[in-house]
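S.K.:
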Amino acid sequence: MPRFFVRRDQIFDGKIEILGDDAHHISRSLRMAVGDSITVSDMQSVEYECVLSHFSEGKVTADIISQRQNDTEPTFCAHLYQALPKGEKLDYIIQKAVECGVSSITTFESDRCIVKEKDPDGKKLARRQRISFEAAKQSGRGCIPQVNPTVSYKKMLEMASEADIMLFCYEGEGTVSLGKYLKEKLPSYLGAADVSVSVVIGSEGGFSLKEVQQAIECGMQPIGLGKRILRTETASGFVLANLVYEFEL
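In terms of the numbering used here, the sequence shown is numbered consecutively and its last residue is 252.
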């Protein structure tokens, strides 16, 4: 069944108004008609089963048949901090992270980033948020993960160190394996509501020794992801999948 997101102010009197691109998609691309069924999420984990009741220019109205709490959102809040990668890798990273249950994505610049952020008009950020939106819709999420503006390495450490569990992913020496670290940390948090996890991933060149030391000084334990070196576009999905397994499966 087609799925759409709306703001809370688009829901009133037992009806939902779907506007803009989504209204166009329903009427023109999907060629739906009065009486067809759709699922609508309010972006706050409440879902509505609806029947289309009226079409007008730039707007589609749907009658609410039933509502329920969305059950696809993770029981933990994972915040991904991703060093800027080359090319279109970030598009893939955002898409797969959303599918794996991430709550937010923040890009940052590090010493070994080849790419430096240039987005004066905000078009790149808007595009990234759109990728998150489409991935959330496709994967049946109840919320749309927020994609934040790019920050400095120092600011990233400040943000990431606020989480209950901090995973600073590193391929060098002095690491604790992801499995061992989660085994030690998770018993204190399993069953608790809104456990926050920060997942920090470097760029293609990884982190400099100075950056690793700065992370340790912020209370982070460098975490190893196994015997094989993962690409930057693979690492976040790998970690998030392990979190889903530990918390949900």
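From the three backbone atoms N, C-alpha and C, an ideal C-beta is built for every residue, glycine too.
Looking at C-alpha atoms only, which residue of Val-154, Gln-149, Thr-64, Gly-227 is the closest neighbour of Cys-80?
M.R.: For the residues Val-154, Gln-149, Thr-64, Gly-227, the minimum Cα distance to Cys-80 belongs to Gln-149.
S.K.: Taking the alpha-carbon of Lys-18 as reference, which of Ile-204, Ser-69, His-27, Leu-33 has the nearest alpha-carbon?
M.R.: It is Ser-69 whose Cα lies nearest to the Cα of Lys-18.
S.K.: Would you tell me roughly how many angstroms separate the C-alpha atoms of Ser-135 and Ile-147, rounded to the nearest one?
M.R.: Cα to Cα, Ser-135 sits roughly 7 angstroms from Ile-147.
S.K.: From what residue to what residue does the alpha helix (DSSP H) around Val-105 run?
M.R.: Where Val-105 is concerned, there is no enclosing alpha helix (DSSP H), given that its DSSP letter is neither H nor E.
S.K.: Could you tell me whether the stretch 241-251 touches the stretch 169-189, using the rule of 3 or more Cβ pairs below 8 angstroms?
M.R.: Touching, yes, given that three or more Cβ pairs across the two stretches are closer than 8 angstroms.
S.K.: Using CA coordinates, which residue listed in Gly-143, Gly-209, Arg-144 is at the minimum distance from Lys-89?
M.R.: Of the candidates Gly-143, Gly-209, Arg-144, the one whose C-alpha sits nearest the C-alpha of Lys-89 is Gly-209.
S.K.: For Ile-206 versus Ala-86, is the C-beta spacing smaller than 8 angstroms?
M.R.: Correcting the residue type first, residue 206 is Ser in the shown sequence and not Ile. Against a cut-off of 8 angstroms, the Cβ pair of Ala-86 and Ser-206 comes out as a contact.
S.K.: Cys-53 to Ser-40, Cα distance in whole Å?
M.R.: Taking the straight line joining both Cα atoms gives about 6 angstroms.
S.K.: For Val-203, count the other beta carbons within 10 Å of its own beta carbon; 16 or more makes it buried, fewer makes it exposed. Which is it?
M.R.: By the 10 Å Cβ count, Val-203 comes out buried.
S.K.: Could you pull out every residue in the same chain whose Cβ sits closer than 6 angstroms to the Cβ of Lys-92, ignoring the five residues on either side in sequence?
M.R.: Once the five neighbours on either side are set aside, the close Cβ partners of Lys-92 are Glu-236.
S.K.: My output table needs one value for Gly-209: the three-state DSSP class, helix, strand or coil.
M.R.: Strand, per DSSP.
S.K.: In terms of residue numbering, what span does the alpha helix (DSSP H) encompassing Asn-245 cover?
M.R.: Here the alpha helix (DSSP H) through Asn-245 covers 235-251.
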